[in-house]
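Numbers 1 to 296, taken from UniProt numbering, label the letters of the sequence shown in order.
C-beta: ideal position from N, C-alpha, C; glycine also.
Only a predicted model underlies this, so the values are computations on that prediction, with no experimental measurement involved.
Single-structure report; data block below.
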Amino acid sequence: MAPKVVVVGSANMDLVGLAPTLPRPGETVLGDDFVMAPGGKGSNQAIAAARAGGETTFLGAIGSDAFGVTLGARLAATGVNTTWVRTSYGTSGVAVIMVDHAGENSILVSPGANRTFTGLTADEQAVIGEADVLLCQQEIPMETVHAALRAGRAGGTRTILNAAPARDLPPGLLDEVDLLLVNEIEARAVAGTGEPDMGALLALVPRVVLTLSGSGARYADRDGQDVHIPAFPVEVADTTAAGDAFTGALAVAWGEGRDLLDAVRWANAAGAACVQRVGASGALPERAEIEALYNS
Numbered sequence: 001m002a003p004k005v006v007v008v009g010s011a012n013m014d015l016v017g018l019a020p021t022l023p024r025p026g027e028t029v030l031g032d033d034f035v036m037a038p039g040g041k042g043s044n045q046a047i048a049a050a051r052a053g054g055e056t057t058f059l060g061a062i063g064s065d066a067f068g069v070t071l072g073a074r075l076a077a078t079g080v081n082t083t084w085v086r087t088s089y090g091t092s093g094v095a096v097i098m099v100d101h102a103g104e105n106s107i108l109v110s111p112g113a114n115r116t117f118t119g120l121t122a123d124e125q126a127v128i129g130e131a132d133v134l135l136c137q138q139e140i141p142m143e144t145v146h147a148a149l150r151a152g153r154a155g156g157t158r159t160i161l162n163a164a165p166a167r168d169l170p171p172g173l174l175d176e177v178d179l180l181l182v183n184e185i186e187a188r189a190v191a192g193t194g195e196p197d198m199g200a201l202l203a204l205v206p207r208v209v210l211t212l213s214g215s216g217a218r219y220a221d222r223d224g225q226d227v228h229i230p231a232f233p234v235e236v237a238d239t240t241a242a243g244d245a246f247t248g249a250l251a252v253a254w255g256e257g258r259d260l261l262d263a264v265r266w267a268n269a270a271g272a273a274c275v276q277r278v279g280a281s282g283a284l285p286e287r288a289e290i291e292a293l294y295n296s
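Below is the structure:
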């Protein structure tokens, strides 16, 4: 049976420009191409989890504009349950993304309707409490993130916080987190240290996954495990949605009952499959693609 994954987070329309180099402040760079596609960390991770084999529900807010129609349609088309998606009068979230030929990117996010996603209802809290895994990020109001994590903990749901983008955390929020997922920048922000410090992070949460871009990931927990899991070597076209592919796949793998070291390796395969294509939600891999790399 597929694990039930609930994703509480953002939905944005991604406006992606491709160019030889990223522009510096005040500089105009002539680009190669332009792609417009649904994105947002929450939406991307929900689609990633659905494609990885999870029975996935998305809780979030979209605008009443044309972007909102497209965002909702993309989620539904990929098998995500959108019953609880709210429509807020006004604009949807938008992300302006620039990608260079090396696959590096710069991103500016305008939250739009995501700012309105506050005050979880009793029904929304019940949906969270009935899931196997809850996955949250930080592109929506932090009060909503905290409320979702509390609902997950109350229902016995495993809770994952992808602490991206880096933000100040409300007191007590990390007490509700079973697994913290961060990159090196986010790790420093959460731990309040100059370098990623697993010891400092494990003082706050019982389990940590630290993503290391092309070097793979590191898993550590309070039982004494601290292991580096190498990346799968592939040709990189675009890293934009790699973290979301990794995160959605990790939630599914943990929900399936895999050992977390194996779950991280499987998530590494999802990230590697993703970076071989340009774009956000359109680049997120299907389960068969993940398995092919995982078993290679």
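Terminal residues of the alpha helix (DSSP H) in which Leu71 lies: 66-77
Alpha-carbon to alpha-carbon, Ile185 and Leu250: 20 angstroms
Buried versus exposed, by CB contacts within 10 Å (16 or more), Gly68: buried
DSSP-derived helix/strand/coil call for Met1: coil
Residue range of the unbroken alpha helix (DSSP H) whose run includes Tyr294: 287-294
Rounded distance between the beta-carbons of Gly79 and Thr239, thought under 8 angstroms: 25 angstroms between Cβ atoms; not a contact.
Within 9 angstroms, strictly: CB atoms of Ala95 and Asn12: yes
Whole-angstrom C-beta distance between Val16 and Ala49, which should lie under 8 angstroms: About 22 angstroms; that fails the 8 angstroms criterion.
Touching by the beta-carbon criterion (3+ pairs, under 8 angstroms), the region 262-269 and the region 30-41: no
Beta-carbon gap between Gln45 and Leu135 smaller than 9 angstroms: yes
Where Asn162 sits in the DSSP three-state scheme: strand
Span of the beta strand (DSSP E), counted from its first residue to its last, around Arg207: 207-211
Exposed unless 16 or more other CB atoms sit within 10 angstroms - verdict on Glu195: exposed
Buried versus exposed call for Ser296 [16 or more other C-beta atoms within 10 Å across all chains shown]: exposed
Endpoints, the beta strand (DSSP E) within which Glu55 is located: 55-59
Enclosing alpha helix (DSSP H) for Leu22 [first to last residue]: First-last for Leu22: undefined, no H or E at that position.
Rounded C-alpha distance that separates Pro25 from Val99: 15 angstroms
Cβ contact (3+ pairs, closer than 8 angstroms) linking the region 145-165 and the region 70-85: no
7 angstroms CB neighbourhood of Gln125 in its chain, flanking five on each side removed: Ala151
Simplified DSSP assignment, three categories, for Gly17: strand
Alpha carbon of Gly63 to alpha carbon of Thr121, nearest angstrom: 19 angstroms
Outcome for Arg218 when other beta-carbon atoms lying within 10 angstroms are tallied against a minimum of 16: buried
Start-to-end residues for the alpha helix (DSSP H) that takes in Gly152: 142-155
Which residues DSSP lists as bridging Pro38, in chain order: Met13
Beta-carbon contacts of Val85 that lie in its chain and below 8 angstroms, excluding the five residues immediately before and after: Ala11, Phe58, Leu59, Gly60, Ala61, Ile62, Gly72, Leu75
Length of the line joining the Cα atoms of Ala220 and Ile160: 14 angstroms
Contact belief for Leu261 with Val227 at Cβ below 8 angstroms, rounded distance in angstroms: 6 angstroms
Nonlocal neighbours in the same chain, by C-beta distance under 7 angstroms from Cys274, ignoring five residues either side: Ala241, Ala242, Ala245, Ala283, Leu284, Pro285
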